[in-house]
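In the numbering used here, the protein residues as written are 12 to 140.
Just below is one structure, and these are the notes that go with it.
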């Protein structure tokens with residue numbers, strides 16, 4: 012659980028700093044650790060009574076760690092959602108900008124007839140941003 016917590020915190024930090032490539036490189040390890048975490052939590056849920064009787068101190072420690080992990084995970088999910096919204100907004104604006112040059116100007120005093128269909132211009136992406 013400690014390793015998963017460290018990876019999630021690192022991913023959150025990298026996304027906040029705009030280092031999306033570095034954050035993306037953490038994804039395979041994060042996916043593996045989440046899988047292990049979920050299997051462990053399912054096992055604990057299924058064996059709650061037995062574990063509580065055999066190792067009550069360890070169960071309390073696990074509960075405490077799980078409670079500490081939840082806010083960190085909520086922050087991580089919020090940061091990722093914000094980054095996704097920003098990216099979607101940028102793509103939407105670029106698409107609108109590229110499409111607006113193609114709209115026919117047929118209404119209004121200075122209206123023109125629709126132009127023939129043209130191929131879309133290329134779009135350059137600066138990956139350093």
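In this text, a Cβ means the ideal position worked out from N, Cα and C, and glycines have one as well.
Computed from a prediction, not measured in an experiment: that's the story for all the values here.
Return helix, strand or coil for residue i, following the three-state DSSP convention.
i, result
"residue 12", "coil"
Less than 7 angstroms between the beta carbons of residue i and residue j, yes or no?
i, j, result
"residue 25", "residue 33", "yes"
"residue 19", "residue 83", "yes"
"residue 90", "residue 27", "yes"
"residue 78", "residue 12", "no"
Which term fits residue i, buried or exposed, when burial requires 16 or more other beta carbons within 10 angstroms of its beta carbon?
i, result
"residue 87", "buried"
"residue 7", "The structure shown does not extend to residue 7, since the chain is modelled only from 12 through 140, so no value can be given for it."
"residue 23", "buried"
Going by C-alpha distance, which of the options is nearest residue i?
i, options, result
"residue 80", "31, 62, 57, 49", "49"
"residue 15", "28, 47, 31, 97", "47"
"residue 37", "21, 102, 60", "21"
"residue 55", "74, 39, 95, 41", "74"
Is residue i near the ligand ADP, with its Cβ less than 6 angstroms from a heavy atom?
i, result
"residue 56", "The ligand ADP is not among the ligands present in this structure, which contains no ligands whatsoever."
Item to check | Those runs of the alpha helix (DSSP H) which lie wholly inside the region 16-77 and span at least 4 residues | outcome: 31-36, 38-57, 59-65
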